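A.B. asks: Protein chains in written order, with numbering that gives the first Met the number 0: chain L, 0 to 442; chain V, 0 to 58.
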Amino acid sequence: MTELYDLIIVGTGPAGAMAAKVAGENGLKAALLERKTDIRTIRRICTMIIGINEESFGEYLTYNRRNKRFVFPHNGFSVKYDGPTRNIYGFHILSPCGNRFQLGDVKKAKAEGTPPVALMIDKGYWMQIIVDEARSNGVEVFTNTNVNHIRKEPDCVILSDNWGNEYQGKFVIAADGVNSRIARELGFNKERIFLGTYRDMARTYEGVEIPDSDVLMFCMGWKFSISLSPELTEGHFHIAAASYNVNDKLDEEIDRFLSSEPYATWFKNAKEIDHRTSCASNIASPIPVPFKDNVLLVGDATWMQETGNTAAMALGWRAANAVTEALIKGQINKEGISPFLEWYDKYYYQPRGKRLASSGGADFKDYLSAEDIDYLVSLVPEPLPATMNAYTIFGTIGRTFSGLLPRIQDERPDIMQKLMAMRSFPRELALVKRRKEGCAIVS
Amino acid sequence: MIEIDKEKCSGCCGCVDHCPVSAINVIDDEVIIDNDICMECLICTKVCPLGAPHEVAQA
Numbered sequence: 000m001t002e003l004y005d006l007i008i009v010g011t012g013p014a015g016a017m018a019a020k021v022a023g024e025n026g027l028k029a030a031l032l033e034r035k036t037d038i039r040t041i042r043r044i045c046t047m048i049i050g051i052n053e054e055s056f057g058e059y060l061t062y063n064r065r066n067k068r069f070v071f072p073h074n075g076f077s078v079k080y081d082g083p084t085r086n087i088y089g090f091h092i093l094s095p096c097g098n099r100f101q102l103g104d105v106k107k108a109k110a111e112g113t114p115p116v117a118l119m120i121d122k123g124y125w126m127q128i129i130v131d132e133a134r135s136n137g138v139e140v141f142t143n144t145n146v147n148h149i150r151k152e153p154d155c156v157i158l159s160d161n162w163g164n165e166y167q168g169k170f171v172i173a174a175d176g177v178n179s180r181i182a183r184e185l186g187f188n189k190e191r192i193f194l195g196t197y198r199d200m201a202r203t204y205e206g207v208e209i210p211d212s213d214v215l216m217f218c219m220g221w222k223f224s225i226s227l228s229p230e231l232t233e234g235h236f237h238i239a240a241a242s243y244n245v246n247d248k249l250d251e252e253i254d255r256f257l258s259s260e261p262y263a264t265w266f267k268n269a270k271e272i273d274h275r276t277s278c279a280s281n282i283a284s285p286i287p288v289p290f291k292d293n294v295l296l297v298g299d300a301t302w303m304q305e306t307g308n309t310a311a312m313a314l315g316w317r318a319a320n321a322v323t324e325a326l327i328k329g330q331i332n333k334e335g336i337s338p339f340l341e342w343y344d345k346y347y348y349q350p351r352g353k354r355l356a357s358s359g360g361a362d363f364k365d366y367l368s369a370e371d372i373d374y375l376v377s378l379v380p381e382p383l384p385a386t387m388n389a390y391t392i393f394g395t396i397g398r399t400f401s402g403l404l405p406r407i408q409d410e411r412p413d414i415m416q417k418l419m420a421m422r423s424f425p426r427e428l429a430l431v432k433r434r435k436e437g438c439a440i441v442s
Numbered sequence: 000m001i002e003i004d005k006e007k008c009s010g011c012c013g014c015v016d017h018c019p020v021s022a023i024n025v026i027d028d029e030v031i032i033d034n035d036i037c038m039e040c041l042i043c044t045k046v047c048p049l050g051a052p053h054e055v056a057q058a
């Protein structure tokens, strides 16, 4: 008969790795299940950029360079990271001709020694060291293990894998990512609003020359969203293309981008290296209460697309500590882990999650041409304060352009008309479009 | 039956996640379809951003 674990964690991303580390430190009888064998290599697309010194889901992550630890002061813990870092000074939106809407003045920040708003890190290395720490603290780590089914028995939760093995736990922490099979099997997706299937692919290049490139760059005005993000090594960049239509040929649009100026010049000496990464993500509204039958969901498994590394780690940490408390109290139930649910509701669902359920609207590319985007971005030539918080970014863009509407009406009434049409585009139609163009994971 | 082109596959596991019958697994860091379980719904061929899964004629 298989042994009964106090806690089984599924997934070695930030949320799962963190939960496992805590489980080990707290002395739980715990197992960590992961489908990959090589945790060190990240194959699902990720910029590996982590925002610091800025609010994110109630936390103010910072990096202690002296001791090489990431610090989570609000939650009250720190995690070792002694791998390489690269400073990131902001987020820029590029129009097709190369105009920039800058959230962060890179030149000024570097010249004045202003602290960066984010760090690029070696995420795979970080996950590896956290999992190694969990293992050395007694957590049994099972790699090459695909968790395909979950079921509840009277005294435990049972996970079964592709090899025919079963794992029994009093509690399970599901950190199996944005397309969580556990969330799916537990029926959560039936209650969520489907917002689209997001497909993304990235290539890595060396020998790229981009001015002021210590930022995350988002390129608008192309058929699909294109982003450029710096790699740890100077001159190395990821270029990614993403869309919500499963019929879109992302690869071809990257080629088109690379052959257009000014980008062709940036890449004139560049060569593709490494392996490609990609993702196909089921985008659904956040889960209001991420708990069922002694299964706690954490990280992207609870959310719309991504919570981000900081938020995912904090949630994994919270969940494993709440499970520990529940086991000590002898309350193997929802009430036992209530501190986790209270934290999630206060810092995740209420301030952010609820609102994300109403996302969805007109697609820019259906209304604005490349030249329209060039014009709009040219209206804000001066850099705005640096930020990597996605919600601050959206808020700033919205406020900035709302303030510019009178000028746009005056100079380009044609564009103003398009913006108004976009604003009044019924959200329901946008959701219908996403459903048609996507491939929803419901049950 | 469905085959995954190893040259194109990045290992992102989008298809693994989307498969309604859990026919696709990561085995020794390779994405492998179990054609005994596969129902040929073709969802994997639709969601992959790299076009790695594709239909092949039964041998």
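The beta carbon of each residue, even a glycine, is placed where N, CA and C say it ideally should be. Everything numeric in this text was worked out from a predicted model, so none of it was measured.
Taking the alpha-carbon of Lys267 of chain L as reference, which of L:Pro285, L:Arg39, L:Val207, L:Lys417 has the nearest alpha-carbon?
C.D. replies: Among L:Pro285, L:Arg39, L:Val207, L:Lys417, the Cα nearest to that of Lys267 of chain L is on L:Val207.
A.B. asks: By DSSP, does Phe236 of chain L sit in helix, in strand, or in coil?
C.D. replies: DSSP places Phe236 of chain L in strand when its eight states are reduced to three.
A.B. asks: Could you work out which residue in V:Cys47, V:Asn34, V:Ile42 is closest to Gln57 of chain V when comparing CA atoms only?
C.D. replies: It is V:Asn34 whose Cα lies nearest to the Cα of Gln57 of chain V.
A.B. asks: Does any residue of chain V bring its CB to less than 8 Å from the CB of Arg433 of chain L?
C.D. replies: Taking Cβ atoms only, chain V never reaches closer than 8 Å to Arg433 of chain L, which makes this a no.
A.B. asks: I want to verify the contact list: residues of chain V whose CB lies under 8 Å from the CB of Asp306 of chain L, in sequence order.
C.D. replies: Note that residue 306 of chain L is Thr in the sequence shown here, rather than Asp. Per Cβ cutoff of 8 Å: no residues; Thr306 of chain L is ~17 Å from chain V at best.
A.B. asks: Can the beta-carbon of Leu296 of chain L be found closer than 8 Å to that of Ala173 of chain L?
C.D. replies: Taking 8 Å as the Cβ cut-off, Leu296 of chain L and Ala173 of chain L qualify as a contacting pair.
A.B. asks: Show which residues of chain V have a CB atom less than 9 Å away from the CB atom of Lys35 of chain L.
C.D. replies: What Lys35 of chain L touches in chain V: Gly10, Cys12, Val25, Asp28.
A.B. asks: Using a Cβ-Cβ cut-off of 6 Å (strictly less than) and excluding sequence neighbours within five positions of Glu410 of chain L, which residues of its own chain qualify?
C.D. replies: Contacts found: none.
A.B. asks: Thinking Phe290 of chain L and Ile225 of chain L are a contact (beta carbons under 8 Å), I'd like their distance in whole angstroms, please.
C.D. replies: With 8 Å as the limit, Phe290 of chain L and Ile225 of chain L do not qualify as a contact, their Cβ atoms being about 38 Å apart.
A.B. asks: State the CB to CB distance for the pair Met47 of chain L and Met119 of chain L, rounded to an integer number of angstroms; the pair is presumed to be in contact (CB under 8 Å).
C.D. replies: At roughly 6 Å, the Cβ-Cβ gap stays under 8 Å, so Met47 of chain L and Met119 of chain L are in contact.
A.B. asks: Does the beta carbon of Lys5 of chain V come closer than 8 Å to any beta carbon on chain A?
C.D. replies: In the displayed structure, chain A is absent; the protein chains listed are L and V.
A.B. asks: Which of the three DSSP states, helix, strand or coil, is assigned to Cys43 of chain V?
C.D. replies: Here Cys43 of chain V sits in helix by DSSP.
A.B. asks: Could you check which residue in L:Thr61, L:Asn244, L:Ile282 has the C-alpha nearest to that of Gly176 of chain L?
C.D. replies: Checked all of L:Thr61, L:Asn244, L:Ile282; the closest Cα to Gly176 of chain L is L:Ile282.
A.B. asks: Give the residues of chain V in contact with Met200 of chain L, contact being defined as C-beta atoms less than 9 Å apart.
C.D. replies: Residues of chain V passing the Cβ test: Ser9, Cys11, Pro48, Leu49.
A.B. asks: Taking Cβ-Cβ distances shorter than 8 Å, what residues in chain V pair up with Ala279 of chain L?
C.D. replies: Those are Cys11, Gly13, Cys14, Asp16, His17, Val46, Cys47, Pro48, listed as they occur along chain V.
A.B. asks: Quick check: is the beta carbon of Ile42 of chain V nearer than 8 Å to any beta carbon in chain L?
C.D. replies: It does; some Cβ of chain L falls within 8 Å.
A.B. asks: What residue range is occupied by the uninterrupted alpha helix (DSSP H) comprising Tyr59 of chain L?
C.D. replies: Per DSSP, Tyr59 of chain L belongs to no alpha helix (DSSP H) and is neither H nor E.
A.B. asks: Report the option in L:Lys79, L:Leu249, L:Asn143 whose CA atom is closest to the CA atom of Pro13 of chain L.
C.D. replies: Ranking the options by Cα distance to Pro13 of chain L, first place goes to L:Lys79.
A.B. asks: Is there at least one Cβ from chain V nearer than 8 Å to Thr391 of chain L's Cβ?
C.D. replies: No, no contact with chain V.
A.B. asks: From the DSSP output, read off the bridge partner residues of Val171 of chain L.
C.D. replies: Partner(s): L:Ile7, L:Val294.
A.B. asks: If Met387 of chain L sits next to Ala117 of chain L, beta carbons under 8 Å apart, how far is it from one beta carbon to the other, in whole angstroms?
C.D. replies: Sure, about 4 Å apart at Cβ, within 8 Å.
A.B. asks: I'd like the list of long-range same chain contacts for Arg426 of chain L, defined as Cβ closer than 8 Å, with 5 residues on each side in sequence excluded.
C.D. replies: Cβ within range, chain order: Ser357, Gly359, Gly360.
A.B. asks: Note down, in chain order, every chain V residue with its Cβ under 9 Å from the Cβ of Cys218 of chain L.
C.D. replies: Neighbours of Cys218 of chain L on chain V: none; closest Cβ ~17 Å, over 9 Å.
A.B. asks: At a cut of 8 Å, does the region 187–204 of chain L reach the region 274–288 of chain L through at least three beta carbon pairs?
C.D. replies: They touch, by the three-pair rule.
A.B. asks: Judging by CA-CA distance, which residue of L:Val171, L:Ala321, L:Asp121, L:Lys106 is the nearest neighbour of Asp213 of chain L?
C.D. replies: Ranking L:Val171, L:Ala321, L:Asp121, L:Lys106 by Cα distance to Asp213 of chain L puts L:Lys106 first.
A.B. asks: My assumption, with CB atoms under 8 Å, is that Lys169 of chain L sits in contact with Leu6 of chain L. Please give the rounded CB distance.
C.D. replies: Sure, about 7 Å apart at Cβ, within 8 Å.
A.B. asks: Does the beta-carbon of Ala263 of chain L have 16 or more other beta-carbons within 10 angstroms, so that it is buried, or is it exposed?
C.D. replies: Looking at its Cβ environment, which holds fewer than 16 other Cβ atoms inside 10 Å, Ala263 of chain L is exposed.
A.B. asks: Tell me the DSSP secondary structure of Gly195 of chain L in three-state form.
C.D. replies: Looking at Gly195 of chain L - three-state DSSP - the assignment turns out to be strand.
A.B. asks: Any idea if His274 of chain L is buried or exposed, counting beta-carbon neighbours within 10 angstroms, 16 or more meaning buried?
C.D. replies: Result: exposed.
A.B. asks: Mapping the DSSP letters down to three states, classify Ile327 of chain L as helix, strand or coil.
C.D. replies: Helix.
A.B. asks: What would DSSP say about Leu430 of chain L, mapped onto helix, strand or coil?
C.D. replies: Helix.
A.B. asks: Out of L:Ala108, L:Leu31, L:Ile149, L:Pro229, point me to the one whose CA is closest to Thr84 of chain L's CA.
C.D. replies: Closest by alpha carbon: L:Pro229.
A.B. asks: Does DSSP classify Val105 of chain L as helix, strand or coil?
C.D. replies: Reduced to three states, the DSSP call for Val105 of chain L is helix.
A.B. asks: Identify each residue in the region 35–67 of chain L for which the Cβ-Cβ distance to at least one residue of chain V is less than 9 Å, and report them in chain order.
C.D. replies: Of all residues in the region 35–67 of chain L, Lys35, Thr36, Asp37, Thr40, Arg42, Arg43, Ile44 have a Cβ within less than 9 Å of some Cβ in chain V.
A.B. asks: Quick one: is His274 of chain L near chain V, going by C-beta distance under 8 Å?
C.D. replies: Closer than 8 Å to some Cβ of chain V, the Cβ of His274 of chain L qualifies, so yes.
A.B. asks: From this set, L:Ile157, L:Arg433, L:Leu60, which residue's C-alpha is nearest Phe246 of chain L's C-alpha?
C.D. replies: First, the amino acid is wrong: residue 246 of chain L is Asn here, not Phe. Taking only the C-alpha atoms, the option nearest Asn246 of chain L is L:Arg433.
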